[in-house]
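Visitor: Residue numbers (my numbering), protein chains in the order written: chain S, 1 to 329; chain R, 1001 to 1329; chain H, 2001 to 2329; chain Z, 3001 to 3329.
The beta-carbon is built from N, C-alpha and C at its ideal position, and this holds for glycine as well.
Here the structure is a predicted model, which is why all the values come from computation and not from measurement.
Encoded as structure tokens, here's the structure I'll be asking about.
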């Protein structure tokens, strides 16, 4: 365990200065992140700076009108259009981030944080970083005492993520690495590890080496073929408590007199695969789910039946067909 | 804001002693919470104490066999049955808790924590406490610097929740109140508030009084009739950014050669209603969603058409029917 | 029962001439309905006529090239673009119809046909007709021996539906009425009845009068508020075996190496409400589902408890509050 | 095409005598199938016969009390328990059938009938028969002028299905074959074909031989691995318009004051795969969905990039790694 980490775990010195971690104030201050919500639910994420302006199709909003106001204030644009000054939520940060890559949805991020068992103080590895959307949610969960170690192979994506994390004030809780994970991770004994790569089954040995015993593993995959490959890999690398899950979010139109589900629904964001890293040398079959054990038992039985049938067929050459010939109906 | 809270926000002194918040160790210690997972995925949540025993249908497990062992160790019962010694996850804590009331599912708890925008240091109000399952998840999210203020009207349920929270080490982050919320909440300026009561629309004034401007509100309701009533109430009490959502979790049988969704699925855990508390005096209609505005516009138009039709009908008594009479086909 | 219907039920004379009902041929003929499927899955529904042409953005296709060809032939446009000549399916007919009103989806139409218990020979009432999409599916199910009686109040919609039904060859199995259903339906003893109107609960008396004893009733509604009103109405009008159901269709991208659900999903097409029309004078509570009976029993118990509490409160004026006063935490 | 079939298509002589196809009567008759629905929604499917009795835990019901009564009559048991005399629906027939094998659900059966484009007069092949539940729905759809050709390899299952079909009066519309389909199907030019076997991809050549050009193919599969194998097979055997779909049925508790989805939901009944049989010799890639074409294009591009990279690597041996080496963070 490297020293800087040790420091993180014993005190809060290194991180106490982040603007992210500050008792909530009743009024906005310069340098605060603000969600400006115009009518019609169009919204903007901005960092307040004296003298600056936000240009929109509803007119120009002056930062000075917002600084020092109570949260929830209404400000007017040069075209007399009103907008609400709100504290941005984690969801707002995740959805307003500049993206070069695919999206991770709040519902999945929230559930990943939960299933990776993160809390203030956790150490978690992530690969790849992407545009830093999930990194934001991970850092939010482990701050101000933990750390996210994130790896990204593409330099431009790495830079984009760094800017995004800096902007939302969560960079102090993240250690970013530019480069391939082919050679493994530099951390040991981390609490949790998340793989967002195309072939996660190729990095399970590296994942084992980084995770503490019993540590939490997760991956997000778009296709069933990948899930199948990852499940096979998890078996071979001594992971247990394996689960494959999917979350479907159904939104409703919030009209009291006409309550109904929304027609627009995202039908698929990804399959979530979870597992825990077990000590080596354990006979893992005992801790597989019942379905799995039943399947293995049935398969063994079928193989025995097939062998028996093959033996009989060799003995009695006339009855070579498994099924009776087709009779008249 | 009371003093103890003030202390919480500025330092960690009062909470640093909780067993919950402790750098993760590689070996178990006495008084650690342990998830003992036997074969077939039957598991037990126990607190390790020298000399004690756990009696199960697979035989007796001695606590002494587990104390001081590396996490992930396999121990044997008196009947030679093996079990894994694991660090319990938040999900494990939530599902192994003793329950007198209905359940809140991990997927919903995780999403509520996210949508209530909780983090280390947040202050959140909850009513009612129930058996403390959601309280556990809320405390996990705000520890070690924040606080959950939870209210429960039934003394036995209140006591059950207290024991549950104490057992999992999260009681230091929770302030429990026994009694009705008819008279409102004692907190002010809290970051978030969650209502798990039958008629949440009756407590929206109290919720406003407790929440900071822009604070996050949520409720979990089983029926559409309740959602309709709550939506009407939120309109009248100046809440904005209203959303009604549902999460469906689809689990898969994790067998690589036979990947398929599980037949057993929980078809309904509850409707989640989210909103933010806006300053009073704002003309909220402007910040309603487009569907809502379109619905109001259409309704106004229909009313005008109906009035016009009524006026015409009064003028021309012969054409009293809205539609032509039924012709022959 | 009118005479023409009687005739339908005893023989096939009146309907045998419809082009719809014809033994399937191996080659196309003039006047056949054809689904012309161009590359990229853009398709056209046309009726073959000598000398005619179909103009598309892929060039012009000559009808003469298609007439007398085996089904499945590939024809070329003037721009050398290929297209397949296919027999249109019921789904194709439903999705290619000209629409003035909202859509009914194949999944819902198929399930409605099933739950209305339709087959060749059934008599079914529908209101309103709309653009005739569901009428097409109903006629398809009851032809060539049954009849759909459909009502529509708007003359232009009625005309549109007539043209649509004529085009697909199903008009002989439909009796169309232009006019309001405020005065009821003209049929008696029908096997099934479907209401696709905004306030179906206002027409349940009329539905009873049209349905045979035990006849099948269904309605499709967008909002939960309407479902609540219809359920109340069904109770009051002696319907039984009531069910509210929803079908969600999840499509997958059919790529073997990358199998995954489609992101685009229709999150809501409508709530389906089903019931059967029982003889009057039956004490219907006995045939309600267990949930319903349990709910009524609990409600009765709660009312008794509330009465008891009110009585006690009147006797002992000091203990007027239901819950203890709020204690210090 | 064999003669008996020819007869079916030109007249109704051979089938007009089936009790299934009879104008609906207002009163029950001996030999009618009846659904006897007792309170609490327990129901029984019986064939009325003079002098017979039905023994239930609610007492004995006499058939004589039901014969000649109007549909919807209430009869009493010897224990004074009431029950409704109802005409059974297709759903009732499907769910009350004696089963030796797995279930096919009404929602899936209804959608299969729709997607296979069945109507009165269609000819459809099914393999295997199973206990005849889907056969019942197929026969219901094609009667009284069409035919279901169904194959089953296990003699006991074949017998069970025959008894089930005879009991519900649909046997005249079904031609049952006992035997393997390894040698193919005996029909030609059928309108539709449904495979409910473990390895449907092994029978696609046989399916082609039985189907008319443009004929409708479907299969129901439990696992994603099977779907992948079938999709590959359909590609190789010249099927087009391929779709993979799933139907999720969400039931609600039909209580007007407390409307809510049911907790019990069947999370998976099967993946439905649909396709149409195209003439051989067509370059099928042109008629694949856009996703599919895009995937192929991307794959080709990736292969070219990989080749290019390999070539470069061979030229410049120093830069053998695809990604830069891991730098310091």
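When you compare each of S:43, S:26, S:123 to residue 186 of chain S by their alpha carbons, which one comes out closest?
Guide: Nearest of S:43, S:26, S:123 to residue 186 of chain S, Cα basis: S:123.
Visitor: Thinking residue 3276 of chain Z and residue 3216 of chain Z are a contact (beta carbons under 8 Å), I'd like their distance in whole angstroms, please.
Guide: 6 Å
Visitor: Closest to residue 2179 of chain H by C-alpha separation, out of H:2223, H:2127, H:2057, H:2287, would be which residue?
Guide: H:2127
Visitor: Residue 1267 of chain R versus chain Z: which residues are under 8 Å apart at the beta carbon?
Guide: 3250, 3251, 3261, 3262, 3263, 3264, 3265
Visitor: Could I get the ranges of all uninterrupted alpha helix (DSSP H) runs contained in the stretch 2032 to 2092 of chain H, with 4 residues as the minimum, in chain order?
Guide: none
Visitor: When DSSP labels each residue in this structure, what does residue 3210 of chain Z get in the three-state scheme?
Guide: helix
Visitor: Along chain R, which residues have their Cβ under 7 Å away from the Cβ of residue 2228 of chain H?
Guide: 1225
Visitor: Please say whether residue 26 of chain S and residue 70 of chain S have beta carbons closer to each other than 9 Å?
Guide: Against a cut-off of 9 Å, the Cβ pair of residue 26 of chain S and residue 70 of chain S comes out as a contact.
Visitor: Quick check: residue 2146 of chain H and residue 2169 of chain H, are their CB atoms within less than 9 Å of each other?
Guide: no
Visitor: For chain R, is any of its Cβ atoms less than 9 Å away from the one on residue 3258 of chain Z?
Guide: Closer than 9 Å to some Cβ of chain R, the Cβ of residue 3258 of chain Z qualifies, so yes.
Visitor: Quick one: residues in its chain with C-beta nearer than 7 Å to the C-beta of residue 1037 of chain R, no 5 flanking neighbours on either side, listed in chain order?
Guide: 1043, 1083, 1084, 1086
Visitor: State buried or exposed for residue 2299 of chain H, treating a residue as buried only when at least 16 other CB atoms are found within 10 Å of its CB.
Guide: exposed
Visitor: Can you name, in chain order, every residue of its own chain whose Cβ lies under 8 Å from the Cβ of residue 1066 of chain R, other than the five neighbours on each side?
Guide: 1028, 1034, 1036, 1048, 1073, 1075, 1085
Visitor: Check the Cβ-Cβ distances between residue 3245 of chain Z and every residue of chain H, and say whether any is below 9 Å.
Guide: yes
Visitor: Going by alpha carbons, who is nearest to residue 3115 of chain Z out of Z:3191, Z:3157, Z:3292, Z:3173?
Guide: Z:3191
Visitor: With DSSP as the reference, identify every bridge partner of residue 1149 of chain R, one or two as the case may be.
Guide: Paired residues: R:1125, R:1175.
Visitor: Where does residue 3219 of chain Z land, buried or exposed, given buried means 16+ other C-beta within 10 angstroms?
Guide: buried
Visitor: Quick one: grab the DSSP three-state call for residue 3265 of chain Z.
Guide: strand
Visitor: Helix, strand or coil, according to DSSP, for residue 253 of chain S in the structure here?
Guide: strand
Visitor: Quick one: give me the first and last residue of the beta strand (DSSP E) that residue 227 of chain S is part of.
Guide: From DSSP, residue 227 of chain S is part of no beta strand (DSSP E) but of the alpha helix (DSSP H) over 224 to 236.
Visitor: Once the 5 residues before and after residue 2249 of chain H are set aside, which same chain residues still bring their CB inside 6 Å of it?
Guide: 2107
Visitor: Relative to the C-alpha of residue 3104 of chain Z, which candidate in Z:3117, Z:3134, Z:3078 has its C-alpha closest?
Guide: Z:3134
Visitor: Could you tell me if residue 63 of chain S is buried or exposed, where buried requires 16 or more neighbouring beta carbons within 10 angstroms of its beta carbon?
Guide: buried
Visitor: Does DSSP put residue 1204 of chain R in a helix, in a strand, or in coil?
Guide: helix
Visitor: Just to make sure I have the definition right: I need the residues of chain B whose C-beta is within less than 7 Å of the C-beta of residue 1222 of chain R. Which are they?
Guide: The structure shown contains no chain B; the protein chains it does contain are S, R, H and Z.
Visitor: Would you mind stating whether residue 1225 of chain R and residue 2228 of chain H have Cβ atoms separated by less than 9 Å?
Guide: yes
Visitor: So the beta strand (DSSP E) residue 191 of chain S belongs to, where does it begin and stop?
Guide: Residue 191 of chain S -> beta strand (DSSP E) spans 190 to 195.
Visitor: Could you list the residues in the stretch 1203 to 1214 of chain R with a C-beta less than 8 Å from some C-beta on chain S, going in chain order?
Guide: 1212, 1213, 1214
Visitor: With a cut-off of 9 Å, does the C-beta of residue 2107 of chain H fall near any C-beta of chain Z?
Guide: Nearest CB-CB separation between residue 2107 of chain H and chain Z: below the 9 Å threshold.
Visitor: Taking 9 Å as the CB-CB limit, is residue 2131 of chain H close to chain Z?
Guide: For residue 2131 of chain H, the answer is no, since every Cβ of chain Z falls outside 9 Å of its Cβ.
Visitor: Just the C-alpha distance for residue 60 of chain S and residue 80 of chain S, rounded to the nearest angstrom, thanks.
Guide: The alpha-carbon atoms of residue 60 of chain S and residue 80 of chain S are separated by roughly 9 Å.
Visitor: Taking the alpha carbon of residue 1176 of chain R as the reference point, which residue from R:1148, R:1196, R:1111, R:1263 has its own alpha carbon closest?
Guide: R:1148
Visitor: Using alpha carbons as the reference points, say which of H:2173, H:2283, H:2167, H:2130 lies closest to residue 2156 of chain H.
Guide: H:2130
Visitor: Looking at chain Z, is there any beta carbon in it that lies within less than 9 Å of the beta carbon of residue 2137 of chain H?
Guide: yes
Visitor: Tell me which residues share the same chain as residue 3213 of chain Z and place their Cβ nearer than 6 Å to its Cβ, disregarding the 5 neighbours each side in the sequence.
Guide: 3279
Visitor: Determine the direct distance from the alpha carbon of residue 151 of chain S to that of residue 3303 of chain Z, and round the result to whole angstroms.
Guide: 26 Å
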